């Protein structure tokens, strides 16, 4: 069972999440302890929560976008209620600004604002080692020299979309 589930609710199955693949590509030694799961906004949040929790993760990283913010908030509420020990980390453009004013942010354990490509891996290392981590992490734009590209993480089904 993976320790980390990277997930998002896509607008539809016409696209695969580039951002999740960037996070996965840059997890380093944690990549073998992580899985990527994509859903779409037409799926019931309770079904998405069930699928995520079936992986028995310790950390769930969710990408939040304008098209999935409401559904993701419902998902986070379910995850918190059903599995309170699972650590929820939010990232993406919808939680990178006005963080204090957004209800979804109040329900997460941690929020990464900005480009999480490298910061997310460090946060997961701390969390899985039982070390304290800030609730809100401001991620500066990373140097592209240090970011691994995720192209090999796309499979034929992803590319067919």
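Numbering (our numbering), first residue to last: 149 to 309. Quick reminder that beta carbons are idealized off the backbone N, C-alpha and C, glycines included. Here the structure is a predicted model, which is why all the values come from computation and not from measurement.
Sub-8 Å separation of residue i and residue j beta-carbons
{"i": "residue 263", "j": "residue 289", "result": "yes"}
{"i": "residue 241", "j": "residue 221", "result": "no"}
{"i": "residue 236", "j": "residue 227", "result": "yes"}
{"i": "residue 272", "j": "residue 178", "result": "yes"}
{"i": "residue 151", "j": "residue 193", "result": "no"}
{"i": "residue 153", "j": "residue 183", "result": "yes"}
Where residue i falls, given that 16 or more other Cβ within 10 Å makes a residue buried
{"i": "residue 298", "result": "With a pLDDT of 48 at residue 298, under the threshold of 50, the predicted position of this residue should be treated as unreliable, though the coordinate-derived value follows. With 16 or more Cβ atoms within 10 Å of its Cβ, residue 298 is classed as buried."}
{"i": "residue 176", "result": "exposed"}
{"i": "residue 219", "result": "buried"}
Delimiting residues of the alpha helix (DSSP H) encompassing residue i
{"i": "residue 196", "result": "193-201"}
Cα-Cα separation, residue i to residue j
{"i": "residue 217", "j": "residue 159", "result": "11 Å"}
{"i": "residue 168", "j": "residue 286", "result": "18 Å"}
{"i": "residue 284", "j": "residue 258", "result": "6 Å"}
{"i": "residue 247", "j": "residue 211", "result": "14 Å"}
{"i": "residue 223", "j": "residue 293", "result": "35 Å"}
{"i": "residue 280", "j": "residue 274", "result": "7 Å"}
{"i": "residue 170", "j": "residue 190", "result": "24 Å"}
For residue i, the first and last residue of its enclosing beta strand (DSSP E)
{"i": "residue 186", "result": "182-188"}
{"i": "residue 210", "result": "207-211"}
Quiz item: Taking the runs of the beta strand (DSSP E) that are 3 residues or longer, which of them lie wholly in the segment 263-296?
Solution: 284-287
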